[in-house]
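Numbering (our numbering), first residue to last: 784 to 923.
Shown next, in structure tokens, is the structure this report addresses.
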Amino acid sequence: MARVKLDLPEAWHFSTIINIRIGDINFAGHLAHDAILSLVHESRALLFHDNGWGELDVEGKGIVVADVVITYSNEAFFRDILRFDLSVTEFTKKGCDIYYRIIRVGDEKEIACAKTGIVFFDYEHRKPAEVPAGFLKRFI
Numbered sequence: 784m785a786r787v788k789l790d791l792p793e794a795w796h797f798s799t800i801i802n803i804r805i806g807d808i809n810f811a812g813h814l815a816h817d818a819i820l821s822l823v824h825e826s827r828a829l830l831f832h833d834n835g836w837g838e839l840d841v842e843g844k845g846i847v848v849a850d851v852v853i854t855y856s857n858e859a860f861f862r863d864i865l866r867f868d869l870s871v872t873e874f875t876k877k878g879c880d881i882y883y884r885i886i887r888v889g890d891e892k893e894i895a896c897a898k899t900g901i902v903f904f905d906y907e908h909r910k911p912a913e914v915p916a917g918f919l920k921r922f923i
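Right, dumping it as structure tokens:
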């Protein structure tokens with residue numbers, strides 16, 4: 784089976800801590816694969832919030848997720864504390880990629896890595912929009 788490999792960036796722009804909740808656990812007793820995507824979304828929402836934006840309002844533009852890649856490395860369990868490191872990179876005229884490195888606090892084991900491709904979107908006119916200047920300036 785061919786595995787997907789993410790080439791992670793060297794610089795990280797933001798880190799946040801998220802605790803694994805009981806609802807994040809699957810039938811096998813570990814962090815569910817679908818819960819990782821929800822936690823990735825939570826960490827991205829925190830990145831935006833801490834910079835004074837919302838996912839529907841970055842200088843008047845929203846975002847849509849165009850693609851997602853997740854690679855899983857180790858199990859995580861209820862009440863584990865995870866650190867999400869985020870890097871915003873690979874800008875195009877209308878979007879960028881956000882990389883996520885998910886590390887268990889304590890033993891520093893990598894749990895998963897992810898990438899979301901985001902496109903800025905004008906929800907009023909229902910069409911893609913250019914990357915807002917302030918967003919671009921914050922991360923380049």
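Each residue gets a CB set at the ideal place from its N, CA and C atoms; glycine is no exception.
- Query: Is ILE819 buried or exposed, if buried means 16 or more other CB atoms sit within 10 Å of its CB?
  - Reply: Its Cβ being crowded by 16 or more others within 10 Å, ILE819 is buried.
- Item | Per-residue burial, ASP817 [other beta carbons within 10 Å of its own, 16 or more giving buried] | ASP817 is exposed by the Cβ-count criterion.
- Message: Quick check on ASP817: does DSSP put it in helix, strand or coil?
- Response: Three-state DSSP puts ASP817 in a helix.
- Since LYS892 is in the alpha helix (DSSP H), which residue starts that stretch and which ends it? Segment: none, LYS892 is in no alpha helix (DSSP H) and carries neither H nor E.
- Item | The alpha helix (DSSP H) enclosing TRP865, as first and last residue numbers | Correcting the residue identity first, residue 865 is Leu in this sequence and not Trp. It is not in any alpha helix (DSSP H) - LEU865 instead sits in the beta strand (DSSP E) that spans 864–872.
- Task: Report buried or exposed for ALA916, applying the criterion of at least 16 other Cβ atoms within 10 angstroms of its Cβ.
- Result: ALA916 is classed as exposed because its beta carbon has fewer than 16 other beta carbons within 10 Å across all chains shown.
- Query: Taking the alpha-carbon positions, what's the ASP880 to GLU873 distance?
  - Reply: When rounded, the distance between both Cα atoms is 6 Å.
- Message: Once DSSP output is grouped into helix, strand and coil, what is the label at GLY837?
- Response: DSSP places GLY837 in strand when its eight states are reduced to three.
- Item | Cβ distance (whole Å) where SER856 is taken to contact GLU893 below 8 Å | With 8 Å as the limit, SER856 and GLU893 qualify as a contact, their Cβ atoms being about 5 Å apart.
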